[in-house]
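Residue numbers (this note's numbering): 37 to 281.
For each residue, glycine too, the CB sits at the ideal point set by N, CA and C.
Owing to the predicted nature of the structure, the values given are computational and were not obtained by experimental measurement.
Below is one structure, written out as structure tokens; comments come after it.
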């Protein structure tokens, strides 16, 4: 009698247990993707293990699949950054109960900055007005003690650096005209409140997963009080562009 060949598991038992703990309610495709990232990146595996309760809570309290994909975007960015050993990450370093950025990044042990990650949901063309709204909604979460950047993930249509520049001009126009109603609809008190937060934004990345390799653009905020360190910015752009790995 021939002994059947036992196929090896898709990933290790340790990875399986970790994924089950943090992503039990997620669809199998998302679980498999997370397991793949853990298997191929020991540094990402350590990151997930160290923050497993936070990740589990974020994924388990999502109301729908769209919200889980928003969390996936945060984890994707963490996975990509940790591929470069010059970077270290903290997850929700300002506390989950307080408004704050998703990731705090340390580059070469002495340069620190924050990243807030958001996903542009597929609800039509990403026109400049929509980009302006996304930026406005997120600046409240940027503290003033470190440089900050916003990472927007998308799957097309493509967003160019010109699109981001136009969105910034639109926000400046709303601010200059003291369009308080525009900002109030997006969670801020008024135009003055928006600008007080906006100067904490060093710039905006867009990571387009629809292209292979991923396409990343960056637009700096000319009004930023704390721009991102130049070398760290270049390395970060390289990391994000490797999203097809």
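Distance, residue j Cα to residue i Cα
{"i": "residue 227", "j": "residue 218", "result": "8 angstroms"}
{"i": "residue 124", "j": "residue 185", "result": "16 angstroms"}
{"i": "residue 190", "j": "residue 91", "result": "21 angstroms"}
{"i": "residue 47", "j": "residue 87", "result": "20 angstroms"}
{"i": "residue 254", "j": "residue 270", "result": "10 angstroms"}
{"i": "residue 156", "j": "residue 169", "result": "11 angstroms"}
{"i": "residue 235", "j": "residue 249", "result": "32 angstroms"}
{"i": "residue 144", "j": "residue 119", "result": "14 angstroms"}
{"i": "residue 265", "j": "residue 275", "result": "15 angstroms"}
{"i": "residue 102", "j": "residue 167", "result": "18 angstroms"}
{"i": "residue 199", "j": "residue 177", "result": "23 angstroms"}
{"i": "residue 165", "j": "residue 221", "result": "13 angstroms"}
{"i": "residue 54", "j": "residue 81", "result": "9 angstroms"}
{"i": "residue 97", "j": "residue 75", "result": "25 angstroms"}
{"i": "residue 122", "j": "residue 214", "result": "42 angstroms"}
{"i": "residue 107", "j": "residue 268", "result": "24 angstroms"}
{"i": "residue 229", "j": "residue 209", "result": "15 angstroms"}
{"i": "residue 100", "j": "residue 109", "result": "15 angstroms"}
{"i": "residue 260", "j": "residue 183", "result": "8 angstroms"}
Residue i - DSSP class collapsed to helix/strand/coil
{"i": "residue 158", "result": "coil"}
{"i": "residue 229", "result": "helix"}
{"i": "residue 40", "result": "Interpretation of residue 40 is limited by its pLDDT of 46, a score under 50 that renders its predicted location unreliable; the figure taken from the coordinates is listed afterwards. Here residue 40 sits in coil by DSSP."}
{"i": "residue 255", "result": "strand"}
{"i": "residue 188", "result": "strand"}
{"i": "residue 200", "result": "helix"}
{"i": "residue 96", "result": "helix"}
{"i": "residue 118", "result": "coil"}
{"i": "residue 153", "result": "strand"}
{"i": "residue 205", "result": "helix"}
{"i": "residue 215", "result": "coil"}
{"i": "residue 46", "result": "coil"}
{"i": "residue 248", "result": "coil"}
Limits of the unbroken beta strand (DSSP E) element including residue i
{"i": "residue 140", "result": "139-143"}
{"i": "residue 237", "result": "That residue, residue 237, is in no beta strand (DSSP E); it is neither H nor E in DSSP."}
Extent of the continuous alpha helix (DSSP H) to which residue i belongs
{"i": "residue 129", "result": "From DSSP, residue 129 is part of no alpha helix (DSSP H); its letter is neither H nor E."}
{"i": "residue 224", "result": "Careful: residue 224 lies outside any alpha helix (DSSP H) and carries neither H nor E."}
{"i": "residue 52", "result": "49-59"}
{"i": "residue 69", "result": "64-76"}
{"i": "residue 165", "result": "164-174"}
{"i": "residue 274", "result": "266-277"}
Any chain C beta carbon closer than 8 angstroms to residue i
{"i": "residue 196", "result": "In the displayed structure, chain C is absent; only one protein chain is listed."}
For residue i, the nearest candidate out of the options (CA to CA)
{"i": "residue 231", "options": "240, 211, 154 and 187", "result": "211"}
{"i": "residue 181", "options": "147, 96, 59 and 114", "result": "147"}
{"i": "residue 61", "options": "222, 78, 104 and 52", "result": "104"}
{"i": "residue 238", "options": "204, 222, 216 and 224", "result": "204"}
{"i": "residue 257", "options": "76, 166, 175 and 246", "result": "175"}
{"i": "residue 195", "options": "151, 55 and 251", "result": "251"}
{"i": "residue 140", "options": "133, 163, 99 and 113", "result": "113"}
{"i": "residue 163", "options": "247, 268, 201 and 130", "result": "201"}
{"i": "residue 207", "options": "84, 115 and 171", "result": "171"}
{"i": "residue 242", "options": "260, 209, 261 and 192", "result": "192"}
{"i": "residue 278", "options": "127, 73, 57 and 52", "result": "73"}
{"i": "residue 273", "options": "52, 83, 116 and 108", "result": "116"}
{"i": "residue 187", "options": "142, 94 and 111", "result": "111"}
Contact test: residue i Cβ vs the ligand HEM heavy atom, cutoff 7 angstroms
{"i": "residue 189", "result": "In the structure on display, the ligand HEM does not appear, and there are no ligands present to speak of."}
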